[in-house]
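Worksheet: one structure, shown below.
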Amino acid sequence: MAAKIKHQLFFPHQPKAVWEYLTSSELLELWLMKNDFKPELGHEFTFKAGPAPNFEFDGIIYCKVLEIVPYQKLSYSWKLGPGDGTFNVDSVVFWELRPRDNGTELLLEHSDFTVMKHIGIFDAMNTGWLRNIQKILEHLNTIDNGSANA
Numbered sequence: 002m003a004a005k006i007k008h009q010l011f012f013p014h015q016p017k018a019v020w021e022y023l024t025s026s027e028l029l030e031l032w033l034m035k036n037d038f039k040p041e042l043g044h045e046f047t048f049k050a051g052p053a054p055n056f057e058f059d060g061i062i063y064c065k066v067l068e069i070v071p072y073q074k075l076s077y078s079w080k081l082g083p084g085d086g087t088f089n090v091d092s093v094v095f096w097e098l099r100p101r102d103n104g105t106e107l108l109l110e111h112s113d114f115t116v117m118k119h120i121g122i123f124d125a126m127n128t129g130w131l132r133n134i135q136k137i138l139e140h141l142n143t144i145d146n147g148s149a150n151a
């Protein structure tokens, strides 16, 4: 499948601040899902979401860190299925951070879909990624405004 999810957003924050939301398990949970992520090459981890039986999805996303360049690039595999060892989605998530205009340009590319059995999952991920990435900005802005310490 040649389909690709691509989103690009600007954050008025330094790359280190944005990077923390991509690589800290606790911060990832704030904007994405529960997980056991560690920023280590080859680390296998999972994201835990609610199951979606209509899409043969048991609620667990299986991942492995494929590339990590601190404050610049991160990629990991992204596989999900019904829980029987088969996968309905087999793909790669790639993040790139670029310093720009006193902030950070964040690029997400979710691609290399070698398996995609339900187009509805693709559509949900496309809108879900954008909605969730925007939560990073909300959290960073809350910290900037001092609300996190209130």
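Going by my numbering, the first residue of the sequence shown is number 2, and it counts up by one from there. Heads up, the beta-carbon is just placed ideally off N, CA and C, and yes, glycines get one too. Being a predicted model, the structure only gives us computed values, none of them experimental.
Exposed unless 16 or more other CB atoms sit within 10 angstroms - verdict on residue i
| i | result |
| --- | --- |
| residue 80 | buried |
| residue 137 | buried |
| residue 11 | exposed |
| residue 62 | buried |
| residue 143 | exposed |
| residue 6 | buried |
| residue 91 | buried |
| residue 29 | buried |
| residue 122 | buried |
| residue 23 | buried |
Strand pairing of residue i, partner residues [DSSP]
| i | result |
| --- | --- |
| residue 41 | According to DSSP, residue 41 bridges with nothing at all. |
| residue 77 | 66 and 94 |
| residue 127 | Its beta-bridge partners do not exist; DSSP assigns none. |
| residue 107 | 10 and 98 |
| residue 47 | 63 |
| residue 58 | 53 |
Three-way DSSP call (helix, strand, coil) for residue i in this model
| i | result |
| --- | --- |
| residue 13 | coil |
| residue 118 | coil |
| residue 26 | helix |
| residue 35 | strand |
| residue 85 | coil |
Proximity below 8 Å, CB of residue i to CB of residue j
| i | j | result |
| --- | --- | --- |
| residue 67 | residue 16 | no |
| residue 56 | residue 103 | no |
| residue 58 | residue 86 | no |
| residue 33 | residue 146 | no |
| residue 95 | residue 76 | yes |
| residue 36 | residue 25 | no |
Integer-rounded CB distance, given that residue j should sit under 8 Å from residue i
| i | j | result |
| --- | --- | --- |
| residue 74 | residue 43 | About 15 Å; that fails the 8 Å criterion. |
| residue 131 | residue 8 | 5 Å |
| residue 126 | residue 111 | 6 Å |
| residue 109 | residue 19 | Actually they do not touch by this definition, with Cβ atoms about 12 Å apart. |
| residue 40 | residue 69 | 6 Å |
| residue 93 | residue 113 | 4 Å |
| residue 60 | residue 52 | 4 Å |
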